[in-house]
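In the numbering used here, the protein residues as written are 445 to 742.
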């Protein structure tokens with residue numbers, strides 16, 4: 445049994461059976477490809493069925509020299525999923541990663557921006573340039589709706605339900621949710637649509653895509669990262685920020701203003717509330733305020 449053939453079947457399984465997004469499938473496949481590459485470089489001729497736990501451990505020791513504990517843990521998890529699939533399909537009787545432990549890692553809390561810092565970043569946008577109105581609408585949408593960068597670039601005009609006060613968002617695994625959108629975010633999206641987007645030479649297939657580049661095509665994830673990095677540098681911000689920082693700030697600010705965790709979970713599109721707890725770090729001062737406000741014996 446050849447690795448490449450099994451890998452193709454595994455990717456099909458992830459897509460059809462588990463309903464994962466393309467990005468997730470590509471990441472799972474990359475984990476297996478790294479193992480295949482290690483075997484080829486070291487002339488280890490083991491098939492997916494015959495490869496042993498000892499060989500997997502050698503590969504992990506090799507990888508551990510070049511990646512941090514978090515990346516190592518994610519790789520082990522990805523490979524464990526792959527071999528679980530082989531067991532599920534009766535290709536193997538055991539999972540060679542069953543007894544291999546992931547390195548212990550603490551919960552990494554993403555950087556968050558204050559309301560003042562978000563205002564500074566948005567004010568730094570040069571509105572005299574055509575892309576200025578677009579970039580302001582992009583950042584207002586990231587922060588105003590708490591979107592992932594992939595959700596933002598895939599947002600459609602047909603997903604905007606401004607009269608009802610919602611946008612339809614397609615998240616991980618093509619799961620859809622409705623997220624409230626405030627008036628100020630609607631205003632900046634409409635400004636971009638009516639003053640900038642309407643004048644673009646929109647390429648076929650992109651007519652319904654909301655945010656476009658100057659050539660009339662969908663923006664890339666990398667472009668959103670670049671826009672944010674350049675604005676952070678412009679105002680001298682020392683924090684290491686990304687599109688996700690706006691999503692995390694959205695959730696944090698809602699929590700600090702007494703939104704409940706369950707509502708935040710639904711808006712972020714998290715399947716588990718445990719995930720929401722990781723993104724939304726609770727500081728002691730906020731917890732104290734919650735107890736003082738809601739405890740029956742206050």
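Every residue, glycine too, gets a C-beta built ideally from N, C-alpha and C.
Sequence-distant residues of the same chain with beta carbon closer than 7 Å to residue i, five excluded per side
i: residue 483; result: 490
C-beta atoms of residue i and residue j nearer than 9 Å
i: residue 811; j: residue 598; result: Within the shown structure, residues of the chain are numbered from 445 to 742, placing residue 811 beyond reach of any answer.
i: residue 499; j: residue 507; result: no
i: residue 524; j: residue 593; result: no
i: residue 639; j: residue 577; result: yes
i: residue 562; j: residue 690; result: yes
i: residue 497; j: residue 542; result: yes
i: residue 456; j: residue 617; result: no
i: residue 539; j: residue 527; result: yes
i: residue 625; j: residue 644; result: no
i: residue 679; j: residue 564; result: yes
i: residue 504; j: residue 566; result: no
i: residue 448; j: residue 480; result: yes
Span separating the alpha-carbon of residue i from that of residue j
i: residue 486; j: residue 460; result: 34 Å
i: residue 672; j: residue 687; result: 7 Å
i: residue 621; j: residue 502; result: 43 Å
i: residue 682; j: residue 595; result: 27 Å
i: residue 546; j: residue 477; result: 19 Å
i: residue 677; j: residue 569; result: 12 Å
i: residue 642; j: residue 633; result: 12 Å
i: residue 660; j: residue 600; result: 14 Å
i: residue 574; j: residue 646; result: 15 Å
i: residue 572; j: residue 675; result: 15 Å
i: residue 558; j: residue 740; result: 32 Å
i: residue 475; j: residue 717; result: 27 Å
i: residue 533; j: residue 467; result: 24 Å
i: residue 753; j: residue 452; result: For residue 753 there is no data in the structure shown, the boundaries of the chain being 445 and 742.
i: residue 702; j: residue 591; result: 20 Å
i: residue 609; j: residue 587; result: 16 Å
i: residue 462; j: residue 619; result: 12 Å
i: residue 637; j: residue 649; result: 17 Å
i: residue 607; j: residue 537; result: 56 Å
i: residue 531; j: residue 737; result: 52 Å
Cut-off 6 Å between Cβ atoms - residues of its own chain near residue i, not counting five sequence neighbours on either side
i: residue 663; result: 597, 655 and 657
i: residue 698; result: 708
i: residue 623; result: 589, 611, 613 and 711
i: residue 602; result: 652
i: residue 522; result: 472 and 475
i: residue 635; result: 577
i: residue 667; result: none
Close Cβ partners of residue i (< 8 Å) along its chain, the five nearest in sequence each way excluded
i: residue 720; result: 695, 705, 708, 709, 712 and 714
i: residue 529; result: 454 and 457
i: residue 535; result: 445, 450, 492 and 493
CB contact below 9 Å: residue i versus chain C
i: residue 481; result: Absence of chain C from the displayed structure is noted, only one protein chain being present.
Given 8 Å as the limit, is there contact between the segment 504-517 and the segment 452-471, that is, 3 or more CB pairs closer than that?
With a cut-off of 8 Å, the segment 452-471 and the segment 504-517 do not count as touching, because too few Cβ pairs lie within range.
Could you tell me which whole alpha helix (DSSP H) segments of length 4 or greater appear in the segment 461-527?
The segment 461-527 contains these whole alpha helix (DSSP H) runs: 466-485 and 497-508.
In the segment 586-622, which residue ranges form an unbroken alpha helix (DSSP H) of at least 4 residues, counting only runs that do not cross its ends?
Taking only runs of at least 4 residues, the alpha helix (DSSP H) segments lying wholly in the segment 586-622 are 593-597.
Could you check whether the segment 570-586 touches the segment 627-641, counting it as contact only if at least three pairs of C-beta atoms, one from each stretch, sit closer than 8 Å?
Flag = yes, the segment 570-586 and the segment 627-641 touch.
Sequence ranges, beta strand (DSSP E) only - wholly within the segment 669-725, length at least 3
No beta strand (DSSP E) of 3 residues or more sits fully in the segment 669-725.
Considering only residues of the segment 643-669, which uninterrupted alpha helix (DSSP H) runs meet the minimum length of 4 residues and lie entirely inside it, listed in chain order?
The segment 643-669 contains no whole alpha helix (DSSP H) run of 4 or more residues.
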